[in-house]
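Residue numbers (the numbering used here): 3 to 205.
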């Protein structure tokens, strides 16, 4: 007779810790949040936390890594189903944000975690790796869209990825400061306006 698994897998535990950490970080701030508080919010012991992560910093890196990986999978899946750039952008615009990871749902927490990591010089290379992964995703989307349209772009895909990512981060910050004049789809609207520069037809 087979035994039914009753203990959560590492992935289950990590997901619960991510969700709990996001709540505690938003309530207490990243610097003030303790490992004990995060573990308790997830319904785990301190020992359960340390069986998955060596420190709070390692948890934060894991949350950033998970956010980037989920973003890449989600965007590539949309691109596979929407070969036309205009359709792809519309799919992004109507995406259900409530089903995203904690950092995808909370732009403020996302920015705070990036700043927390960036303040420590030794942590920056790890953060840079995630930045490059996000840029590469956008560059790949631009390259694929150009091929699908049968046109060559006027801008280098890698540089276009850097531009688009800077726009995304900038509009995210502006929306946190002044949501009344910064619509949620500001970045996508800006990208649509840049289609001529990218050299990809929206039709």
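C-beta atoms are modelled at their ideal positions from N, C-alpha and C, and glycine is treated no differently.
Given the structure is predicted, the values throughout are model-derived calculations rather than measurements.
What distance in whole Å lies between the Cβ atoms of residue 64 and residue 40, which are believed to be in contact at a cut-off of 8 angstroms?
Not really, about 12 angstroms apart at Cβ, beyond 8 angstroms.
For residue 104, count neighbouring Cβ atoms within 10 angstroms of its own Cβ and tell me buried if that reaches 16, exposed if not.
buried
Buried or exposed for residue 44, going by 16 or more other Cβ atoms inside 10 Å?
buried
Anticipated Cβ contact below 8 angstroms, residue 62 with residue 115, distance rounded
6 angstroms
Can you tell me the Cα-Cα spacing of residue 193 and residue 134, whole angstroms?
19 angstroms
Give me the Cα-Cα distance between residue 158 and residue 167, rounded to the nearest whole angstrom.
14 angstroms
Residue 87, buried or exposed, once every other Cβ within 10 Å from all chains shown has been counted against 16:
buried
Kindly confirm or deny that the segment 71-88 and the segment 132-148 touch, where touching means at least three C-beta pairs closer than 8 angstroms.
yes
If you draw a straight line from the C-alpha of residue 57 to the C-alpha of residue 51, how long is it?
9 angstroms
At which residues does the alpha helix (DSSP H) containing residue 163 begin and terminate?
159-179
Give every residue of the same chain whose Cβ lies closer than 7 angstroms to the Cβ of residue 143, excluding the five residues on either side of it in the sequence, and list them in chain order.
77, 81
Going by the CB atoms, is the gap between residue 27 and residue 111 shorter than 8 angstroms?
yes
Looking only at its chain, what residues have a beta carbon closer than 8 angstroms to the beta carbon of residue 99, apart from the 5 residues adjacent to it on each side?
106, 107
Measuring alpha carbon to alpha carbon, tell me which of 18, 35, 186, 93 ends up nearest residue 59.
35
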